[in-house]
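Under this note's numbering, the residues of the sequence shown are numbered 6 to 138, in order.
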Amino acid sequence: MEIKRYLTQHDAAILCKLAESLLRLGEVDFNAGEMLLEILATSIILPEQVQKKDHVALFSEVTYCSINPDTMDSIVLVSPQDANQDLARVSVASPIGLALIGHRVKSIVKVTSPFCPAHPIKIIDVRSLMHVE
Numbered sequence: 006m007e008i009k010r011y012l013t014q015h016d017a018a019i020l021c022k023l024a025e026s027l028l029r030l031g032e033v034d035f036n037a038g039e040m041l042l043e044i045l046a047t048s049i050i051l052p053e054q055v056q057k058k059d060h061v062a063l064f065s066e067v068t069y070c071s072i073n074p075d076t077m078d079s080i081v082l083v084s085p086q087d088a089n090q091d092l093a094r095v096s097v098a099s100p101i102g103l104a105l106i107g108h109r110v111k112s113i114v115k116v117t118s119p120f121c122p123a124h125p126i127k128i129i130d131v132r133s134l135m136h137v138e
């Protein structure tokens, strides 16, 4: 099995707490908590204070393009409480956030949602907005 995602310690801790919180919601059509647990279980968690600059993390500005149709866009991946559509701040618990987190520049990932068919996007660039010391 090829590991395709890398998470910082900080991101893994936030995703774990978020998954726990979302799983308490119980029966809903789409529970991102289950997907977050799967992401955590199949990702490599990096050592303390280490971040891969070419991988998507929380508080990263991500430029991506949709494969069909070919369009480019940028978002900032944030915690759900910081999401703001007008500022292009997208929750990590959203379908696109779940698809992007931990993946490397040039990766093609599938955005899946219970409401729309899956569609592939390619990560063009990642720029961290959070300083890691």
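Backbone N, C-alpha and C fix where the C-beta goes; we use that ideal spot for every residue, glycine too.
- Between the C-alpha atoms of residue 53 and residue 118, what's the straight-line distance to the nearest angstrom? 32 Å
- Where does the unbroken beta strand (DSSP E) through residue 113 begin, and where does it stop? 113–118
- Element boundaries [alpha helix (DSSP H), containing residue 37]: 37–47
- Spatial neighbours of residue 14 within its chain, please: CB distance less than 6 Å, with the 5 preceding and 5 following residues excluded, ordered by chain position. 53
- May I have the straight-line CA-CA distance separating residue 5 from residue 42, to the nearest angstrom? Residue 5 lies beyond the stretch modelled for the chain, which goes from 6 to 138, so this question has no answer here.
- Enclosing beta strand (DSSP E) for residue 124 [first to last residue]: 121–133
- Task: Confirm, please, whether the CB-CB distance from residue 61 to residue 131 is below 8 Å.
- Result: yes
- Task: Just tell me which of 97, 86, 46 has its CA closest to the CA of residue 67.
- Result: 97
- What is the C-beta distance between residue 104 and residue 95, in whole angstroms, given that I count them as a contact (C-beta under 8 Å)? At roughly 11 Å, the Cβ-Cβ gap does not stay under 8 Å, so residue 104 and residue 95 are not in contact.
- Message: Looking at residue 44: is its Cβ nearer than 8 Å to the Cβ of residue 128?
- Response: no
- Task: Find out if the Cβ-Cβ distance for the pair residue 27, residue 51 is shorter than 8 Å.
- Result: no
- Query: Just how far apart, CA to CA, sit residue 79 and residue 30?
  - Reply: 30 Å
- Query: Can you tell which of 19, 16, 124 has the C-alpha that lies nearest to the C-alpha of residue 75?
  - Reply: 124
- Message: Less than 8 Å between the beta carbons of residue 17 and residue 38, yes or no?
- Response: no
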